[in-house]
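Chemist:
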Amino acid sequence: MKSRPIESRIGNTRSRLGVIDRMWHALGSQLRNPTGAVGSIVGWLMALVNDEPNRLAIDALDLGPGERVLELGFGPGWSLRTIAARTRGARVYGVDQSARMLQQATRMNEVAVSSGRMVLVQGPFNPLPWIDETFDKVLLANVVYFFDSDSRDISEVYRVLRSGGRVVIYVTSRDTMQKWPFAGPDTHRTFDAHDLASLLENAGFRASDFLSYLDIE
Ligand SMILES: C[S@@+](CC[C@H](N)C(=O)[O-])C[C@H]1O[C@@H](n2cnc3c(N)ncnc32)[C@H](O)[C@@H]1O
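For the sequence shown, counting from 1, position 206 maps to 195 in my numbering; every step adds exactly one.
#1: Got a sec? Which residues, its chain only, sit under 7 angstroms from Asp204 by beta carbon, not counting five neighbours each side?
#2: So, with DSSP's three-state summary, where would you put Arg70?
#3: In whole angstroms, what separates the C-alpha of Tyr82 from that of Gly112?
#4: Just to check, is the beta-carbon of Arg220 closer than 7 angstroms to a non-hydrogen atom of ligand 1?
#5: Helix, strand or coil for Ile158? Go by DSSP, reduced to three states.
#6: Using only the alpha-carbon positions, how far apart do Trp169 and Thr179 sit?
#7: Taking the alpha-carbon positions, what's the Val38 to Glu190 distance?
#8: So the beta strand (DSSP E) Ala130 belongs to, where does it begin and stop?
#9: Nearest-angstrom Cα distance between Gly28 and Ala15?
#10: Give every residue of the same chain whose Cβ lies closer than 8 angstroms to the Cβ of Asp181, excluding the five residues on either side of it in the sequence, and list them in chain order.
#11: Got a sec: is the Cβ-Cβ distance from Gly7 to anything in chain D below 8 angstroms?
#12: Can Ser68 be considered in contact with ligand 1, in the sense that its beta carbon sits closer than 7 angstroms to one or more heavy atoms?
#13: Looking at the structure shown, is Gln111 part of a helix, part of a strand, or coil, going by DSSP?
#14: For a test of the three-state rule: what should DSSP assign to Phe180, helix, strand or coil?
#15: Taking 7 angstroms as the line, does the beta carbon of Ser87 fall inside it for any heavy atom of ligand 1?
#16: Just to confirm, is the Cβ distance from Leu34 to Val127 under 8 angstroms?
#17: Using only alpha-carbon positions, find the residue among Pro174, Arg155, Thr76, Phe199 that is nearest to Asp137.
#18: Nearer than 7 angstroms: is that true of the beta carbon of Met166 relative to any heavy atom of ligand 1?
#19: Check whether the Cβ atoms of Ala36 and Trp67 sit closer than 8 angstroms, and answer yes or no.
#20: Heavy atom of ligand 1 less than 7 angstroms from the Cβ of Asn43, yes or no?
#21: Check the C-beta distance from Ala46 over to Tyr159 and give it rounded, since I have them as a contact under 8 angstroms.
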């Protein structure tokens, strides 16, 4: 039987690996900033896969009637919908850089948005378009991976949260994320408990105010 030279077979395997790596990287980029038709599919996937983590995070917000709640990086808008459904008279706000996610989240929350009870903004985490101490609660679910390393993003969260307010962060630990091929250093910043505490302290949050965190594999 005629066989191809070994160099050519190794070359083919390498290029297949290259294609797979590029696909994982593309997924990581889409999670960071969903765009185009693929972004819409990724949005629906996030709604499905992140439902449980988001519910846990929303429980931890301990929402009260009439509160002002902000979500950074709302993605498909699934948690905003849950927040609005759970709280009587709450005003719900969200910011996300992705035009696709704004579209998807607006559709998902059509009634709340058109009644003015929910305000969705397309824009960056920094600067946030609200004055100091606007919010009672802030939700950061699966977004601190995309925060800048100079603490400007988290400082904005601190600025817009009222004194005595609560921020809830849902983040998967670095140990787990390192096993996820789409969460490379080009697209995702990873955290252990110590890094997360430092992130918060650098922005002005006091360590003595931190509540426990869940470590879910
Ligand atoms: C992985 S998704 C998480 C969505 C949702 N919170 C969830 O848990 O399903 C991250 C979202 O944050 C947004 N995002 C990432 N970096 C951002 C930035 N610097 N400014 C504004 N939005 C950003 C992305 O557009 C994306 O919709």
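Heads up, the beta-carbon is just placed ideally off N, CA and C, and yes, glycines get one too. Here the structure is a predicted model, which means the values were calculated and not measured.
Modeler: Taking the coordinates as given:
#1: The predicted position of Asp204 is uncertain, since its pLDDT is 49 and thus under 50; no value can be drawn from it.
#2: helix
#3: 12 angstroms
#4: Residue 220 is absent from the model: the chain starts at -10 and stops at 206.
#5: strand
#6: 11 angstroms
#7: 30 angstroms
#8: 124 to 130
#9: 10 angstroms
#10: Ser162, Arg163, Asp164
#11: Annotation note: the requested chain D is absent from the structure, which comprises a single protein chain.
#12: yes
#13: strand
#14: strand
#15: yes
#16: no
#17: Pro174
#18: no
#19: yes
#20: yes
#21: 4 angstroms
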